[in-house]
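Residue numbers (my numbering): 19 to 142. Just so you know, even glycine gets a beta-carbon here, dropped at the ideal spot from N, CA and C. Notes follow the structure.
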Amino acid sequence: MRRARLVSPLLASLALLGAGYLVGRTRRPVPPPLIVERRSDSPLNDVANLPTANSQAATNQFRVNSSGTKDPATPSAEGDVYLCGARTKKGTPCSRRVHGPVRCWQHKGMPAMLPQEKLLVKDQ
């Protein structure tokens, strides 16, 4: 008897709760579209997204050596990898790898502790 008395209020409250949830979901405003903006001097330019630029980059990535196997192309001077080399709080040179003789994002504007020749990462 007690069970029969609780079933109808329980179902009614669940129905009201579900209806409130659905009304709340439908009245929620649509989130604004995600817009990704880049700086005008960004190294990622729109020319790199063209199919011709991608196909040229793919063909230049590997070269065929005299034995007919593909070797990775030798990196240019721009592609050299350096260590940041700026003084850290600990007093040691920063070991973050950067492209070119520059400092990492954390040590921008700081001088290097070591000469540039010692910061160049040699290929293994």
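Q: Kindly indicate which residue of M131, Q124, D98 and K126 has the alpha-carbon position closest to the one of G109.
A: Working through the sequence shown from its first residue, we reach residue 109 at position 91. G109 has its Cα closest to that of M131, out of M131, Q124, D98 and K126.
Q. From the DSSP output, which residues share a beta bridge with Y39?
A. Residue 39 sits at position 21 when you count from the first residue of the sequence shown. Partner(s): none; Y39 has no beta bridge.
Q: Sort R45, G118 and P133 by Cα distance to P111 and report the nearest one.
A: The residue given as residue 111 occupies position 93 in the sequence shown. Closest option to P111, Cα to Cα, is P133.
**Q.** Cβ separation of V99 and H117, assumed to be a contact under 8 angstroms, to the nearest whole Å
**A.** The count along the sequence shown starts at 1 and reaches residue 99 at position 81. The count along the sequence shown starts at 1 and reaches residue 117 at position 99. Rounded, the Cβ-Cβ distance is 6 angstroms, consistent with contact.
(Q) Does the distance between the C-beta of G42 and the nearest non-hydrogen atom of the ligand GDP fall short of 8 angstroms? (A) You won't find the ligand GDP in this model; it holds no ligand whatsoever.
Q) Given a threshold of 16 other Cβ atoms within 10 Å of its Cβ, counted over all protein chains shown, does L101 qualify as buried or as exposed? A) Taking the sequence shown and counting its residues from 1, one reaches residue 101 at position 83. Counting Cβ neighbours within 10 Å, L101 comes out buried, since at least 16 surround it.
Q. What's the gap between the Cα of V48 and the Cα of A104?
A. Working through the sequence shown from its first residue, we reach residue 48 at position 30. Working through the sequence shown from its first residue, we reach residue 104 at position 86. The alpha-carbon atoms of V48 and A104 are separated by roughly 47 angstroms.
(Q) Could you tell me the alpha carbon to alpha carbon distance between V120 and K136, rounded to whole angstroms? (A) Counting from 1 along the sequence shown, the entry for residue 120 is found at position 102. Counting from 1 along the sequence shown, the entry for residue 136 is found at position 118. In a straight line, the C-alpha of V120 is about 13 angstroms away from that of K136.
Q.
Quick check: what's the CA-CA separation for A37 versus V25?
A. Numbered from 1 along the sequence shown, position 19 holds the residue referred to as residue 37. Numbered from 1 along the sequence shown, position 7 holds the residue referred to as residue 25. Cα-Cα distance, rounded: 18 angstroms.
Q.
Using DSSP's beta-bridge definition, name the partner residues of R115.
A. Against the sequence shown, residue 115 aligns to sequence position 97. BP columns for R115 point to L101.
Q: Under 6 angstroms Cβ to Cβ from L40, same chain only, skipping five residues before and after it: list those, please.
A: Numbered from 1 along the sequence shown, position 22 holds the residue referred to as residue 40. Closer than 6 angstroms at the Cβ level, and outside the excluded window around L40, lies no residue.
Q. Which residues bound the alpha helix (DSSP H) around E135?
A. Position 117 of the sequence shown, counted from the start, is the residue given in the question as residue 135. Element bounds for E135: Q134 to L137.
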